[in-house]
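Engineer: Mind looking over this structure? Questions follow.
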Amino acid sequence: MARQTPPLEAIEAFLAVAEQGGVRAAADVLALSPSATSRRIASLEAFLGTPLFDRTDQGLKLTSGGRRYYEQVEPAVRAIGRASVRVDTATTRITIATSHSVATNWLMPRAASILRDTGLYLDILPTRDPNVLRSGEAQFALWGAMEADDFFGEPIVNVQARPVTAPRLFDGRPAPQRQDLIGLPLLAPREPKGIWQRWLAQAGLSAEPGQVLEHATLALTYEAAAAGMGAALAIPMLCERQLEDGRLVACGPALSVGERYVLYRMRRRLNATPAETRWIHWLRREAALSVKKFEDIT
């Protein structure tokens, strides 16, 4: 009897390419070579008898048929993953150190879905102290780029930033356009330094003396912007809730500011356990989805 369903590994490769936007990034997620990933996509397209991606200068884009197929199979594959995890009823704890902003704005809101989808209980340490990795208190850390010879770092997100304000400023004016940013208070966290100056340089603009007003944390920066006090720079993963509920709106393009998020672990612990591998794959996938959502903001 003819086979009715394609191999699951081919479907997993299709989902990874669709979510990562390219073969090379998907291959990293799947721990395969790009050529092996491409072969799996080709085998799936042959099985279905239709192309799933359009090849463009910007990368791979889903065809209309590919989009429909993704919407149908993605929930099913996630359900298979959840069922497979639940065969082992023991819950495994993963401890990750990260900034307070990443913990509260991105990781903790996803803690329940991490447990549901992977069977992992996420314990979050809101700290930037590298010694929590060295001591074994945390297995992983998600921080900005840093130098440490005893750490292995895997880039997760290359950060782009876009200016955002409240729909109306404190004086009643509507959200500005890019060219109107100069003259507004520019709100920024104390770390990382110079983020507005880097964005403005990319945009061909410059800040006036005293125009950048610093706040203790990124969360306070976004709250000040949502109150109409000026413009802040939104970055992927950390400003999702404010953008989704309309408290902040975009008023300029997403531009590189030279920052990135990196997943760190000790070099002596490079051989990940199955549970740690599930966590790494979850993080890559969800971070890529957050970046895509950020890029699609108009």
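The sequence shown: position 291 = 905 (the working numbering), numbered continuously. Ideal placement from N, C-alpha and C gives every residue a C-beta, glycine not left out. All values derive from a computational prediction rather than experimental measurement.
Looking at the secondary structure, which residues open and close the beta strand (DSSP E) in which D731 lies?
Structural biologist: As a working mapping, residue 731 is identified with position 117 in the sequence shown. No beta strand (DSSP E) holds D731; the alpha helix (DSSP H) holding it covers 725–732.
Engineer: Find the nearest neighbour of W810 within the set D794, A775, T779, A838, judged by alpha-carbon distance.
Structural biologist: Stepping through the sequence shown from its first residue, residue 810 is reached at position 196. Comparing Cα positions, the closest option is A775.
Engineer: Grouping DSSP H, G and I as helix and E and B as strand, with all else coil, what is K907?
Structural biologist: In the sequence shown, residue 907 corresponds to position 293, counting from 1. Helix.
Engineer: Counting only the same chain and skipping the five closest in sequence on each side, list residues whose C-beta sits under 6 Å from that of L658.
Structural biologist: The count along the sequence shown starts at 1 and reaches residue 658 at position 44. The residues are P620, A624, F628.
Engineer: So, helix, strand or coil for Q753, using DSSP?
Structural biologist: Looking up residue 753 in the sequence shown gives position 139. Q753 falls in the coil class under three-state DSSP.
Engineer: Looking at A593: is its Cβ nearer than 8 Å to the Cβ of P740?
Structural biologist: Residue 593 is absent from the structure shown; the chain starts at 615 and stops at 912.
Engineer: What three-state label does DSSP hand D859 in the structure shown?
Structural biologist: Here residue 859 corresponds to residue number 245 of the sequence shown, with the count starting at 1. Three-state DSSP puts D859 in coil, outside helix and strand.
Engineer: Return the CA-CA distance between T651 and A640, expressed in angstroms with no decimal places.
Structural biologist: For the purposes of this step, residue 651 is taken as the residue at position 37 of the sequence shown. For the purposes of this step, residue 640 is taken as the residue at position 26 of the sequence shown. Taking the straight line from one Cα to the other gives about 8 Å.
Engineer: Hey, how far is the Cα of R730 from the Cα of L721?
Structural biologist: Position 116 of the sequence shown, counting from 1, holds the residue named residue 730. Position 107 of the sequence shown, counting from 1, holds the residue named residue 721. Cα to Cα, R730 sits roughly 14 Å from L721.
Engineer: Going by alpha carbons, who is nearest to S820 out of G797, D642, I770, A833?
Structural biologist: As a position in the sequence shown, residue 820 is number 206, starting the count at 1. Measuring from the Cα of S820, the nearest candidate turns out to be G797.
Engineer: For the stretch 826–844 against the stretch 794–808, are there 3 or more C-beta pairs whose distance is under 8 Å?
Structural biologist: yes
Engineer: So, at 7 Å on beta carbons, what are the nonlocal neighbours of T732 in its own chain, with the 5 sequence-adjacent residues on each side left out?
Structural biologist: Here the question's residue 732 lines up with position 118 in the sequence shown. Here the set comprises V699, R892, W893, W896.
Engineer: With C-beta atoms as the reference, is A839 less than 8 Å away from A845?
Structural biologist: Position 225 of the sequence shown, counted from the first residue, corresponds to residue 839. Position 231 of the sequence shown, counted from the first residue, corresponds to residue 845. Closer than 8 Å, so yes.
Engineer: Is it right to say P850 is buried, meaning 16 or more other beta carbons lie within 10 angstroms of its own, or is it exposed?
Structural biologist: The sequence position of residue 850 within the sequence shown is 236, counting from 1. Buried.
Engineer: Are the stretch 854–861 and the stretch 787–796 touching by the rule of at least three beta carbon pairs closer than 8 Å?
Structural biologist: No contact exists between the stretch 854–861 and the stretch 787–796.
Engineer: By Cβ distance below 7 Å, which residues in the same chain neighbour I728 in space, the five residues on each side in sequence not counted?
Structural biologist: Numbered from 1 along the sequence shown, position 114 holds the residue referred to as residue 728. Closer than 7 Å at the Cβ level, and outside the excluded window around I728, lie L734, L736, W896.
Engineer: To which residues of the same chain is G767 closer than 6 Å at the C-beta, ignoring the five residues directly before and after it?
Structural biologist: Looking up residue 767 in the sequence shown gives position 153. Closer than 6 Å at Cβ, skipping near neighbours: V876, Y878.
Engineer: Give me whichever residues DSSP pairs with Q774 in a beta bridge.
Structural biologist: Numbered from 1 along the sequence shown, position 160 holds the residue referred to as residue 774. S870, per the DSSP bridge assignment.
Engineer: Quick check: the Cα distance between M843 and R782, rounded to an integer number of angstroms?
Structural biologist: Here the question's residue 843 lines up with position 229 in the sequence shown. Here the question's residue 782 lines up with position 168 in the sequence shown. Approximately 10 Å, taken between the alpha carbons.
Engineer: Using a Cβ-Cβ cut-off of 7 Å (strictly less than) and excluding sequence neighbours within five positions of A902, which residues of its own chain qualify?
Structural biologist: Within the sequence shown, the letter at position 288 stands for residue 902. If we look at A902 and ignore the five residues flanking it on each side, its Cβ neighbours are E633, Q634.
Engineer: Let's test the definition: count the other Cβ atoms within 10 Å of the Cβ of G866 and tell me whether it reaches 16, buried, or not, exposed.
Structural biologist: Translated into positions along the sequence shown, residue 866 becomes position 252. G866 should be labelled buried.
Engineer: In angstroms with no decimal places, state the Cα-to-Cα distance between A780 and D764.
Structural biologist: Here residue 780 is taken as the residue at index 166 of the sequence shown, counted from 1. Here residue 764 is taken as the residue at index 150 of the sequence shown, counted from 1. Going from the Cα of A780 to the Cα of D764 covers about 43 Å.
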